[in-house]
Every structure is written in C-alpha cells, then in structure tokens.
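Numbering (the numbering used here), first residue to last: 993 to 1227.
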Amino acid sequence: MAKKVQLSIKRYNDTENTWWQDYEIDLKPGMTILEALYFIAENVDGSLSFRYSCRGAVCGSCAMMINGTITLACHTQISALLPEIIKIEPLPKFKVLKDLIVEMDNFLEKYRSVDPFMLNDLHSDKETLQTPQNRKEIVNSVKCILCASCHSACPLTAFDEDYLGPAVLNAVHRFGFDGRNKDAGKIIQKVNNQNGTFGCKTISRCTDVCPKEIEPSKRITEVKHRIKEMSYKGR
Ligand code: SF4
C-alpha cells in the first residue's frame, strides 16, 4: 500500500478569507511539493491555486513557505519532510491574491527601476567580449531566477517599503559588474542611497533562503565597495 502524505495548505480567497485546508495523498517515489500540489489541483480540489512553470528550479515561479522555510516547491522532496504533516503557505510579506499566489507587481517595479539590462552599441559590427576574469565576478549574481525568496525573507523589506531589497540589488551587481555594459557605472550609482545598498544591514536572511546559493548579502557588500571605489576615483 502506498505511503500517505498529509499536507496542510493555507488557503485564501476574496469571499472566505484565510483558512487551512488539509489534504491526504499517496506518496510517489521522488515526489516534490510542486508535484503534490499539481496532483491535488488535478485530482482532489481544482480550486487550489499556485504558480509554477519550469518544474526545474529555473523559472522561480513556485517560491513559497514550506514548514516555515521559504523555498521552491519544485526543489523540495516530500520524503525529506516526513513524517510530519507538511505545512504550506504563500511567500510571507507579499499580498496574497489567491491561495499560494502572491502579488509581485511592487517587487517587479523595483526590479525595473534599476534598469536591469545591458546597454551597448547595437550598430557595432564587433563582438562585445567579456574577459574570463569579469565572468568570474558575476558568476553568482547571474544565476538569479527572480523567485523573490530573498525579498520575502529580508526583515528590512517589511519595515521600509522603499528599500529595494536583496533580489533587486543582486540584479544591480549582475548588470553593474558586467564589463560589457556601457551603463554599468550608472546602474551602480542608482543604488548609492538608503533605499539601495546602504539600506542593507547585512542580516543575511536572503543568503539563508536563496535556492541558487547566490549569497545576495555578499553581492550587496561588493556593490557597496564598488560605490566607494568609484567615489575615490572621482576625487
Ligand atoms: Fe531568488 Fe536568490 Fe534571486 Fe533572491 S537572489 S530572487 S532568492 S534566486
């Protein structure tokens, strides 16, 4: 007989507000939390809502809180959480739209505000090369999948709604340290303020939860150092 798994999921909708709903399903070998949610939505309760896309820790859509830990549902093996009842909640500090789906608009507006892209001469017929050394500098920050786990875990994003937060500042590292980006300096200078890098108090909850092991707090510190170097050079 198949082993059973019990999941307790925090639900929300406009009419009934918030409640906990319990489900019991058969455990399949290698089953992830995302697969369990998918099974429930398809076979038990079609009203259960959650985001997902790639199922392989690449898209960042299925970040949520599982047994008190912010993580990706597609990256979490159920067998590692047994025998307890598994508690699943939406990403903390975000407004919940329905069940496990949260409102990402504010987070994405902040992301867009730092110009997270490369500016280059589109009309040049020369390749824009990157040195191996420069690639090493962004080897971590480039891995971000914008799952917002770090933004959710950071204590400061809850207290200061203007603070950009670790994911956005990591994007500043990724595009501001890339030697191929003509506007790298401008991107770095954009966060030379209290809403940017200097709002970070290096509490490092972001580093604890990042599923791609980017260590955003270290990346923010590197941006702070770059800002200081730029100000010395400008003297
Ligand atoms: Fe997710 Fe890590 Fe990127 Fe933050 S830095 S959004 S936790 S991948």
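Every residue gets a Cβ at the ideal spot worked out from N, C-alpha and C, and that includes glycine. A quick note: this is a predicted structure, and the numbers were derived from the prediction, not measured.
Environment of residue i [buried if 16+ CB atoms lie within 10 Å]
{"i": "E1214", "result": "buried"}
{"i": "S1141", "result": "buried"}
{"i": "L1224", "result": "It should be noted that the sequence gives Tyr, not Leu, for residue 1224. Under this definition Y1224 is an exposed residue."}
{"i": "K1128", "result": "exposed"}
{"i": "T1061", "result": "exposed"}
{"i": "T1063", "result": "buried"}
{"i": "T1007", "result": "exposed"}
{"i": "C1046", "result": "exposed"}
{"i": "E1221", "result": "exposed"}
{"i": "V1106", "result": "buried"}
{"i": "F1151", "result": "exposed"}
{"i": "D1091", "result": "buried"}
{"i": "E1076", "result": "exposed"}
{"i": "K1204", "result": "buried"}
{"i": "S1144", "result": "buried"}
Proximity test, residue i beta-carbon vs the ligand SF4 heavy atom, cut-off 7 angstroms
{"i": "I1137", "result": "yes"}
{"i": "P1208", "result": "yes"}
{"i": "A1150", "result": "no"}
{"i": "C1146", "result": "no"}
{"i": "A1049", "result": "no"}
{"i": "P1021", "result": "no"}
{"i": "C1202", "result": "yes"}
{"i": "G1052", "result": "yes"}
{"i": "N1162", "result": "yes"}
{"i": "C1142", "result": "yes"}
{"i": "A1159", "result": "yes"}
{"i": "C1198", "result": "yes"}
For residue i, the three-state DSSP class (helix, strand or coil)
{"i": "Q1181", "result": "helix"}
{"i": "R1047", "result": "coil"}
{"i": "D1113", "result": "coil"}
{"i": "V1106", "result": "coil"}
{"i": "V1036", "result": "coil"}
{"i": "A1030", "result": "The residue asked about is misnamed: residue 1030 is Tyr in this sequence, not Ala. Correct three-state label for Y1030: helix."}
{"i": "K996", "result": "strand"}
{"i": "M1023", "result": "coil"}
{"i": "K1002", "result": "strand"}
{"i": "T1213", "result": "helix"}
{"i": "N1154", "result": "The residue you asked about is not Asn; residue 1154 is Asp in the sequence shown. It is coil, neither helix nor strand."}
{"i": "A1055", "result": "strand"}
{"i": "N1009", "result": "strand"}
{"i": "E1129", "result": "helix"}
{"i": "T1061", "result": "strand"}
{"i": "E1221", "result": "helix"}
{"i": "D1014", "result": "strand"}
{"i": "L1148", "result": "helix"}
{"i": "H1170", "result": "Here residue 1170 is Asp; the residue named in the question, His, does not match the sequence. Correct three-state label for D1170: coil."}
{"i": "S1141", "result": "helix"}
{"i": "C1198", "result": "helix"}
{"i": "L1121", "result": "coil"}
{"i": "P1208", "result": "helix"}
{"i": "G1191", "result": "helix"}
Ordered list of alpha helix (DSSP H) runs contained in the stretch 1063-1106, each at least 4 residues: You should have 1097-1105.
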